Amino acid sequence: MANEYGQDWRVCFGDGEEAEVFTALGGETGFSFRRSSQEIDISDKDSGAYGGTSYGKQKITISPSGNLKLPDAAFKLLSDASKAQPPEINLQIKKGSIIKYHGTVAIGNFSSEHPQTGAVTFSCDLSNVGAPIVDDLTATA
């Protein structure tokens, strides 16, 4: 087994065309990938001293961040989609040619920072819109 390095994984956005082309987000410094589910109490009067818990539908949140480098075709796609109604875009997470995640995401909390003496940075939160087409962060081929 080999260690994985974040610099090899890229967030890419689709252009929405019929033969969709995905472009890596320029200036990306990293991203987080979070999977969560709402807790459901399945206890009843017969459960005794210990309740029962299950989990509901899954939510996947991908939060890329980076330094703004213009021109950037992927950032333009993201920016334009964030102003659309609904604010959605197709996304892939890739390591080289290996697609680890592919699905439509909703865009929320899209922001940038413009300090007087530093690089302009960006970040956003992207959440799955339904089931993804590919959801396999362990894929190696």
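Residue numbers (full-length UniProt numbering): 1 to 141.
Each residue gets a CB set at the ideal place from its N, CA and C atoms; glycine is no exception.
Since the model is a prediction, treat every value here as computed from it, not as a measurement.
> With 16 other CB atoms within 10 Å as the buried threshold, where does tyrosine 101 fall?
Replying inline: Around the C-beta of tyrosine 101, 16 or more other C-beta atoms lie within 10 Å, and the residue is accordingly described as buried.
> So, is isoleucine 42 buried or exposed, given that buried needs 16 or more other C-beta atoms within 10 angstroms?
Replying inline: It counts as exposed.
> If you draw a straight line from the C-alpha of asparagine 109 to the C-alpha of arginine 34, how long is it?
Replying inline: Take the alpha-carbon of asparagine 109 and the one of arginine 34: they are about 15 Å apart.
> Going by other Cβ atoms of all chains shown within 10 Å of its Cβ, with 16 needed for buried, is leucine 78 buried or exposed?
Replying inline: Classification for leucine 78: buried.
> Just checking, does the segment 60-67 make contact with the segment 116-132 on the three C-beta pairs under 8 Å criterion?
Replying inline: Cβ pair count under 8 Å is three or more, so yes.
> Under the DSSP definition of a beta bridge, which residues are partnered with glycine 51?
Replying inline: Beta-bridge partners assigned by DSSP to glycine 51: none are found.
> Based on the DSSP output, what are the partners of phenylalanine 110 in its beta bridges?
Replying inline: DSSP, once it has assigned bridges, lists no residue as partnering phenylalanine 110.
> Would DSSP call glutamate 7 helix, strand or coil?
Replying inline: Looking at the sequence provided, one finds glutamine at residue 7 rather than glutamate. Of the three classes helix, strand and coil, the one that applies to glutamine 7 here is helix, per DSSP.
> If you compare alpha carbons, which of Leu137, Thr104, Ala119 is closest to asparagine 128?
Replying inline: Checked all of Leu137, Thr104, Ala119; the closest Cα to asparagine 128 is Thr104.
>> Strictly by DSSP, which residues pair up with proline 71?
In response: Its beta-bridge partners do not exist; DSSP assigns none.
> Can you round the beta-carbon distance between proline 87 and isoleucine 107 to whole angstroms, since I take them to be within the 8 Å contact cut?
Replying inline: For proline 87 against isoleucine 107, the beta-carbon gap comes to about 4 Å, under 8 Å, which counts as contact.
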